[in-house]
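Protein chains: 4
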Amino acid sequence: MKRVTERRTYSYLGPAGTFTEAALDQVAEAWGQERRPVLNVGEALADVLEGRSFAAMIAIENSIEGGVSTTQDALATLPGLRIIGEYLVKVNFVLVAAPGTKLEDVTSIAAHPVAYAQCHGWLGEHLPRHSHVPAASNVASAIGVLDGTLPAQAAIAPPGIAEHYDVDVLASEIGDNTSAVTRFVLVTRTATPPMPTGADKTSLIVELPNDRPGSLLEMLEQFSTRGINLSLIESRPIGDELGRYRFVLDADGHVHDERMADALLGIRRFSPRVVFLGSYPRADRQIVHYPDRYADDVFVEARDWLRDLLSGAPEE
Amino acid sequence: MKRVTERRTYSYLGPAGTFTEAALDQVAEAWGQERRPVLNVGEALADVLEGRSFAAMIAIENSIEGGVSTTQDALATLPGLRIIGEYLVKVNFVLVAAPGTKLEDVTSIAAHPVAYAQCHGWLGEHLPRHSHVPAASNVASAIGVLDGTLPAQAAIAPPGIAEHYDVDVLASEIGDNTSAVTRFVLVTRTATPPMPTGADKTSLIVELPNDRPGSLLEMLEQFSTRGINLSLIESRPIGDELGRYRFVLDADGHVHDERMADALLGIRRFSPRVVFLGSYPRADRQIVHYPDRYADDVFVEARDWLRDLLSGAPEE
Amino acid sequence: MKRVTERRTYSYLGPAGTFTEAALDQVAEAWGQERRPVLNVGEALADVLEGRSFAAMIAIENSIEGGVSTTQDALATLPGLRIIGEYLVKVNFVLVAAPGTKLEDVTSIAAHPVAYAQCHGWLGEHLPRHSHVPAASNVASAIGVLDGTLPAQAAIAPPGIAEHYDVDVLASEIGDNTSAVTRFVLVTRTATPPMPTGADKTSLIVELPNDRPGSLLEMLEQFSTRGINLSLIESRPIGDELGRYRFVLDADGHVHDERMADALLGIRRFSPRVVFLGSYPRADRQIVHYPDRYADDVFVEARDWLRDLLSGAPEE
Amino acid sequence: MKRVTERRTYSYLGPAGTFTEAALDQVAEAWGQERRPVLNVGEALADVLEGRSFAAMIAIENSIEGGVSTTQDALATLPGLRIIGEYLVKVNFVLVAAPGTKLEDVTSIAAHPVAYAQCHGWLGEHLPRHSHVPAASNVASAIGVLDGTLPAQAAIAPPGIAEHYDVDVLASEIGDNTSAVTRFVLVTRTATPPMPTGADKTSLIVELPNDRPGSLLEMLEQFSTRGINLSLIESRPIGDELGRYRFVLDADGHVHDERMADALLGIRRFSPRVVFLGSYPRADRQIVHYPDRYADDVFVEARDWLRDLLSGAPEE
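Residue numbers (the UniProt record's numbering), protein chains in the order written: chain A, 1 to 316; chain B, 1 to 316; chain C, 1 to 316; chain D, 1 to 316.
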């Protein structure tokens with residue numbers, strides 16, 4: 001009898017060849033599975049929540065494909081989601097054309113307007129007299145040049161384009177900012193967190209009580225008094241009334257770590273609303289270092305000590 | 001003898017009709033002055049630094065025209081800039097067409113790809129069978145429809161478009177998120193801060209010392225121990241080495257307030273690098289409230305007290 | 001068959017009639033039990049540790065019978081002790097004499113030297129020409145006058161003296177400081193804490209790690225981030241090397257309170273050495289008030305929430 | 001013509017030979033000046049305030065001659081005093097007698113009752129059958145033995161006794177605690193602080209605002225955020241209403257240090273009442289170490305930076 005393996009579907013901002021797909025390419029579990037290109041983050045998350053997809057890859061920081069605030073607000077308000085992985089993609093661009101095209105032949109360039117603006121420096125220097133033909137995406141630019149639907153000889157596209165289409169790369173790294181990196185996360189429905197790897201991060205969205213001064217400090221102390229470092233903090237207005245904020249946080253470590261579990265308890269008691277987005281391996285695979293005094297066994301020992309106190313057992 | 005008044009130039013993300021221009025429309029001092037549309041934030045800031053413009057209007061939060069991270073990084077690294085004003089623009093879209101066009105005539109829609117993605121919900125409901133013609137900007141979409149260079153019957157554009165072009169508005173508020181607001185700032189070369197209005201904010205970019213745990217808390221205490229509230233905090237990786245961050249901060253109050261000046265001294269002593277971006281009136285004109293014990297006269301009284309101590313004058 | 005009840009012994013700084021005995025008089029459980037007068041705190045604690053006494057009453061704050069530092073250091077270094085109750089005694093003095101003596105007959109006054117110094121003002125005003133006959137204790141003064149072994153007509157003694165000896169009170173409240181109060185604690189061997197009454201305090205001695213700046217603040221945050229108020233804090237040099245301190249702390253609440261148990265866990269993890277001295281009813285019977293957000297059920301709810309997170313259960 | 005030098009008077013807890021006088025012996029400026037023995041701390045401070053003495057030496061920590069709480073409360077409430085020096089005296093005792101007396105001749109021992117209690121261990125071991133004759137002070141004990149007014153063969157006294165009286169020392173270091181040290185301060189009327197030596201401390205008494213939770217932490221942050229270490233902290237109930245506290249603080253450094261002056265400004269703004277008791281050389285002459293980032297020039301540089309900001313001068 002043959003075992004039928006169900007193929008899993010992964011939603012991503014399409015079409016094929018986007019930076020988001022480059023992030024999805026890094027997910028070993030997604031190799032050979034279904035990919036579902038969508039138009040925006042809302043659609044990708046809806047796919048997950050409504051069961052059309054197992055997971056969605058979405059940009060969460062420094063995206064040039066747009067929508068980071070939207071993503072953060074969606075994660076803050078849609079219950080039932082969990083981040084299970086983080087991926088980094090270097091953001092840069094290539095200038096591509098149909099095979100045989102030369103740079104000096106290029107007078108019109110197809111490009112997504114945001115990408116176009118980011119290559120302004122290089123274009124001004126190397127092709128000062130070109131005209132711009134807008135494209136619907138970083139991939140549509142190349143497709144339009146190849147199939148003749150866009151009146152241009154070359155296209156600005158992500159480096160991955162050459163793996164999907166038969167193009168010549170006329171120039172590489174043409175973006176003005178050569179060190180830009182977009183951070184993506186892979187999101188599923190709520191599930192048990194992946195096992196700790198020692199190089200993990202925990203993502204949260206925390207609302208502050210609005211009636212207490214110093215509540216931001218009080219929230220951060222929940223981490224600092226347990227030796228936990230934050231790698232991301234962003235305030236976002238909640239939007240219901242003036243002066244109310246939520247905070248998007250990435251904290252070093254995993255909810256299975258005693259210190260993180262204890263910090264989450266503190267945060268939960270403190271905050272009128274906290275969303276646990278997940279504990280998952282860091283994209284950079286950097287082992288999280290922390291002072292010995294926040295190690296798991298210190299927490300266990302303290303609990304033993306308290307138990308002895310309460311039972312009246314003699315000390316030492 | 002007639003006095004010749006020099007006209008000032010204001011750079012903004014063009015062309016005319018963008019959300020950025022809608023922000024510039026709010027600046028009374030800019031009425032009747034020169035406007036210089038540019039392609040991106042870098043160009044706008046260069047105009048200011050190199051003297052081509054008196055000021056630049058740039059998006060700093062929640063922009064759908066892109067580039068907020070770029071803006072923050074530019075302000076963090078380019079010396080010589082100062083924010084002098086803040087402006088809010090409601091982000092929503094209208095569907096426009098040449099006069100006489102009816103919604104049922106529309107089969108193709110010209111739109112900047114980011115704006116197009118944000119109107120996905122409305123379009124799916126009202127024009128499920130349309131096709132998308134990409135445009136280079138939120139204004140180029142409408143121009144292309146009017147002058148026939150884009151093969152579309154209607155365009156997605158900012159509400160302000162109707163003031164610049166002879167169009168019919170087929171539908172309003174077609175964006176998926178009806179409460180989105182973009183925050184803009186007006187930037188000049190370094191100058192004395194505008195006078196306090198009582199409803200001011202102060203913007204800073206602060207690097208944390210990287211060798212000390214708890215340094216984020218220590219920075220925030222500089223504000224909290226002077227009764228100063230923060231309305232924005234965002235971490236940004238500095239990029240030179242792993243684990244180094246800078247923070248973009250908006251603090252309630254003006255550098256002419258004693259408590260803010262004192263906090264800035266504390267921040268300056270603490271931080272390896274701090275950029276004062278400016279003190280300027282808040283867009284929402286909300287008066288800043290703070291506990292009496294942080295009033296200016298409390299600071300003055302304390303200095304008098306210390307002076308008496310040092311001189312050996314008897315107390316009380 | 002008759003049930004034999006073992007009588008318990010209570011050690012106290014004697015002899016009968018001292019302020020310490022006045023504290024012991026407040027202990028209902030000690031009525032009708034054995035009392036064992038001792039010479040100093042070390043002896044009283046040794047009685048408890050070596051089983052000669054069930055409990056010892058010792059002065060812990062503001063004592064005029066001496067030895068508060070000694071007491072604190074003893075509690076910090078002797079393992080196996082537990083505070084089970086707190087008692088306040090108003091410290092004031094009376095001038096007593098054999099029945100029939102009149103104030104104008106008094107030329108010599110018997111007094112413990114410390115008590116004598118504290119009545120300096122009254123004596124200067126009312127008996128400017130008296131001479132001082134030193135006595136070994138606040139009670140020995142009166143005994144010596146009555147039995148003629150001290151060459152004096154009157155004695156300075158605690159108000160309770162009149163209950164033990166046949167004396168006339170010539171003057172009351174003759175101490176210079178009429179509002180002084182000594183705080184006493186009743187100490188037993190380590191045992192389960194008495195049940196919470198809602199008006200409890202918890203006493204600790206905590207050593208700070210000496211190699212970290214800000215460690216005092218970090219210790220105090222363990223209490224403040226759980227809404228716990230401190231009613232006593234005193235630094236004491238540990239004495240083994242320069243710059244090492246231990247802190248004597250009284251915190252509002254009982255170790256059976258969730259917030260206190262959680263704070264103790266934090267303190268234990270933080271401190272190289274912490275001595276739990278006990279949770280016991282406050283002498284003033286003031287109910288401990290704390291913000292609702294630190295109530296027991298908030299802690300329980302947070303643990304439930306964390307358990308759900310870890311199991312992958314859907315939120316809300 | 002001869003210049004007449006006025007002799008200064010120093011008050012101290014007498015009579016000659018007390019531990020307090022041993023502290024006064026350490027004051028070079030007091031050598032050859034008048035000494036005025038008094039009965040208690042109140043009298044000593046009154047001498048200073050009313051001009052009878054230039055200065056008073058008083059015990060402030062760990063005194064066995066009594067009165068530390070009284071001293072702290074007096075300094076907190078009497079305006080017009082200033083500490084100008086700190087002195088440490090090792091607290092131990094000798095057993096003395098008239099020349100020629102042998103230990104085996106001793107059956108009665110004259111002693112101040114507090115000192116007597118502190119030698120309990122030694123006496124129990126070496127003279128188990130002695131009787132106690134109370135003395136009015138640690139010096140009166142020896143005088144009484146020498147002049148025959150006290151019925152004892154030996155006296156417990158401070159080690160300095162042998163310099164003032166013709167006695168034989170029968171035994172040394174007979175106190176139970178061989179490492180006890182009393183801390184004294186020299187107090188004058190309000191005056192300019194003595195010049196910094198690099199090894200200074202600053203003493204303060206600070207009342208906390210009673211209506212704000214976390215105010216103890218907020219006070220301590222004023223020091224920690226300027227890199228200032230505390231070597232003493234003690235809470236004292238203010239006494240006017242329940243739950244109000246004042247804190248006795250010793251902070252490392254001098255009010256002439258920028259970081260200390262800045263911290264004092266913060267404390268003054270924060271506290272409803274703060275008493276500056278003085279900046280003066282530490283008794284242990286330990287140089288105060290602090291992180292470079294709290295050095296004077298860092299404060300000066302920050303002020304220059306702020307001045308430039310306000311004037312609109314370009315950065316860097």
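Using N, Cα and C, we set each Cβ at its ideal position, and we do this for glycine too.
Check your understanding: By Cβ distance below 6 Å, which residues in the same chain neighbour alanine 44 of chain D in space, the five residues on each side in sequence not counted?
Key -> Taking the fourth sequence and counting its residues from 1, one reaches residue 44 of chain D at position 44. Closer than 6 Å at the Cβ level, and outside the excluded window around alanine 44 of chain D, lie Ser11, Val38, Ala56, Ile58.
Point to revise | Three-state class that DSSP yields for histidine 120 of chain D in the structure shown | key: Walking along the fourth sequence from the start, residue 120 of chain D turns up at place 120. Helix.
**Study point:** Whether valine 248 of chain B touches glutamate 258 of chain B by CB criterion (8 Å)
**Key:** The residue you call residue 248 of chain B lines up with position 248 of the second sequence. The residue you call residue 258 of chain B lines up with position 258 of the second sequence. No, the pair does not count as a contact, with Cβ atoms beyond the cut-off.
**Study point:** Separation of leucine 186 of chain A from proline 159 of chain A, as counted between CA atoms
**Key:** Along the first sequence, one-based indexing puts residue 159 of chain A at 159. Along the first sequence, one-based indexing puts residue 186 of chain A at 186. Answer to the nearest angstrom: the Cα atoms are 21 Å apart.
Exercise for review: Could you check if arginine 285 of chain B is buried or exposed, using at least 16 other CB atoms within 10 Å of its CB as the buried criterion?
Suggested key: Residue 285 of chain B sits at position 285 when you count from the first residue of the second sequence. The residue is exposed, with fewer than 16 neighbouring Cβ atoms inside 10 Å.
Practice item. Give the single residue among B:Val114, B:Gln118, B:Ala97 whose Cα lies nearest to the Cα of serine 108 of chain B. Key: Stepping through the second sequence from its first residue, residue 108 of chain B is reached at position 108. When each option's Cα is compared against that of serine 108 of chain B, the closest is B:Ala97.
Review point. Nearest to alanine 171 of chain D by alpha carbon, out of D:Asp73, D:Val255, D:Phe93?
Key: Sequence index remark: in the fourth sequence, residue 171 of chain D carries index 171 (1-based). Per the Cα distances, D:Phe93.
Exercise for review: Note down, in chain order, all residues in the region 89-119 of chain B with a beta-carbon under 8 Å from any beta-carbon belonging to chain A.
Suggested key: His112, Pro113, Val114, Tyr116, Ala117, Gln118
Check your understanding: Among residues of its own chain, excluding the 5 on either side of arginine 282 of chain C, which ones have a beta-carbon nearer than 7 Å to its beta-carbon?
Key -> Sequence index remark: in the third sequence, residue 282 of chain C carries index 282 (1-based). Around arginine 282 of chain C: Glu86, Ala199, Asp200, Lys201.
Review point. Unbroken beta strand (DSSP E) runs of length 3 or more, entirely within the region 20-69 of chain A: which are they?
Key: 34-38, 55-61
Check your understanding: Who are the neighbours of glutamate 221 of chain C on chain D, taking C-beta pairs under 8 Å?
Key -> Sequence index remark: in the third sequence, residue 221 of chain C carries index 221 (1-based). Within chain D, the residues near glutamate 221 of chain C are Leu217.
**Study point:** Per-residue DSSP class, three states only, for arginine 183 of chain B
**Key:** Residue numbering aside, residue 183 of chain B sits at position 183 when the second sequence is read from its first letter. Correct three-state label for arginine 183 of chain B: strand.
Review point. Alpha carbon to alpha carbon, what distance is there between threonine 188 of chain A and isoleucine 84 of chain A?
Key: Working through the first sequence from its first residue, we reach residue 84 of chain A at position 84. Working through the first sequence from its first residue, we reach residue 188 of chain A at position 188. So the alpha carbons of these two residues sit roughly 7 Å apart.
Check your understanding: Does phenylalanine 54 of chain C get closer than 8 Å to chain A when you measure Cβ to Cβ?
Key -> By one-based count along the third sequence, residue 54 of chain C stands at place 54. Not an interface residue.
Practice item. Give the residues of chain D in contact with arginine 293 of chain B, contact being defined as C-beta atoms less than 9 Å apart. Key: Here residue 293 of chain B refers to the residue found at position 293 of the second sequence. Pro209, Arg269, Phe270, listed in chain order.
Check your understanding: Can you name the residues that DSSP bridges to threonine 202 of chain B?
Key -> Walking along the second sequence from the start, residue 202 of chain B turns up at place 202. Note: threonine 202 of chain B sits in a beta bridge opposite B:Ala251, B:Ser279.
Review point. If you measure from the beta carbon of glycine 266 of chain C to each beta carbon in chain A, is any gap under 8 Å?
Key: Taking the first residue of the third sequence as position 1, residue 266 of chain C is located at position 266. So, interface residue.
Review point. Any idea if isoleucine 287 of chain B is buried or exposed, counting beta-carbon neighbours within 10 angstroms, 16 or more meaning buried?
Key: Mapped onto the second sequence, residue 287 of chain B falls at position 287. When all chains shown are included, isoleucine 287 of chain B counts as exposed.
Review point. Using a beta-carbon distance cut-off of less than 9 Å, what residues from the region 280-312 of chain A approach chain C?
Key: Arg293, Tyr294, Val298, Phe299, Glu301, Ala302, Arg303, Trp305, Leu306, Leu309, Leu310, Ser311, Gly312
Practice item. Identify every residue that forms a DSSP beta bridge with isoleucine 109 of chain A. Key: Numbered from 1 along the first sequence, position 109 holds the residue referred to as residue 109 of chain A. Isoleucine 109 of chain A is bridged to A:His132, A:Ala154.
Exercise for review: Taking a Cβ distance cut-off of 9 Å, strictly less, list which residues of the region 190-203 of chain D are near chain B, in chain order.
Suggested key: Thr190, Ala191, Thr192, Pro193
Review point. Would the beta-carbon of histidine 120 of chain B fall within 8 Å of that of aspartate 176 of chain B?
Key: In the second sequence, the residue the question calls residue 120 of chain B occupies position 120. In the second sequence, the residue the question calls residue 176 of chain B occupies position 176. Yes, the pair counts as a contact, with Cβ atoms nearer than the cut-off.
Review point. For aspartate 147 of chain D, which beta-bridge partners are listed by DSSP?
Key: Taking the fourth sequence and counting its residues from 1, one reaches residue 147 of chain D at position 147. Aspartate 147 of chain D pairs with nothing; no bridge assigned.
Point to revise | Those residues which DSSP pairs with tyrosine 87 of chain B across a bridge | key: On the second sequence, position 87 is the one that residue 87 of chain B refers to. Tyrosine 87 of chain B pairs with B:Phe184.
Check your understanding: Taking 8 Å as the CB-CB limit, is cysteine 276 of chain B close to chain D?
Key -> Residue 276 of chain B sits at position 276 when you count from the first residue of the second sequence. The identity of residue 276 of chain B in the sequence shown is phenylalanine, whereas the question assumes cysteine. By this cut-off, phenylalanine 276 of chain B is an interface position.
Practice item. Report, in whole angstroms, the separation of the C-beta atoms of serine 203 of chain B and leucine 277 of chain B, which I expect to be a contact under 8 Å. Key: The sequence position of residue 203 of chain B within the second sequence is 203, counting from 1. The sequence position of residue 277 of chain B within the second sequence is 277, counting from 1. Right, the Cβ-Cβ distance comes to about 4 Å (below 8 Å), so this counts as a contact.
Review point. If we count the other Cβ atoms within 10 Å of its Cβ and call it buried at 16 or more, is threonine 149 of chain D buried or exposed?
Key: The residue given as residue 149 of chain D occupies position 149 in the fourth sequence. Burial call: exposed.
Review point. Where does aspartate 168 of chain A fall in DSSP's three states?
Key: For this step, residue 168 of chain A is matched to residue 168 along the first sequence. Aspartate 168 of chain A falls in the strand class under three-state DSSP.
Point to revise | Identity of the residues DSSP links to threonine 178 of chain C by a beta bridge | key: Taking the third sequence and counting its residues from 1, the one referred to as residue 178 of chain C is at position 178. For threonine 178 of chain C, which the question treats as bridged, DSSP gives no partner whatsoever.
Practice item. Give the single residue among C:Ile228, C:Pro194, C:Leu230 whose Cα lies nearest to the Cα of leucine 309 of chain A. Key: For this step, residue 309 of chain A is matched to residue 309 along the first sequence. Per the Cα distances, C:Pro194.
Review point. Threonine 225 of chain D CB to nearest chain B CB: under 8 Å?
Key: For this step, residue 225 of chain D is matched to residue 225 along the fourth sequence. Closer than 8 Å: yes.
Check your understanding: Can you name the residues of chain D whose CB is closer than 7 Å to the CB of alanine 261 of chain B?
Key -> For this step, residue 261 of chain B is matched to residue 261 along the second sequence. Neighbours of alanine 261 of chain B on chain D, chain order: Leu306.
**Study point:** chain C contact for valine 255 of chain A (CB, 8 Å cutoff)
**Key:** As a position in the first sequence, residue 255 of chain A is number 255, starting the count at 1. Output row for valine 255 of chain A: interface = yes.
Check your understanding: What does serine 69 of chain B reach in chain A if we use C-beta pairs closer than 7 Å?
Key -> Position 69 of the second sequence, counting from 1, holds the residue named residue 69 of chain B. The answer, in chain order, is Asn62.
Practice item. To the nearest angstrom, report how far apart tyrosine 290 of chain D and histidine 112 of chain D are at their CA atoms. Key: Start at 1 with the first residue of the fourth sequence, and residue 290 of chain D comes out as number 290. Start at 1 with the first residue of the fourth sequence, and residue 112 of chain D comes out as number 112. Roughly 44 Å between the two C-alpha positions.
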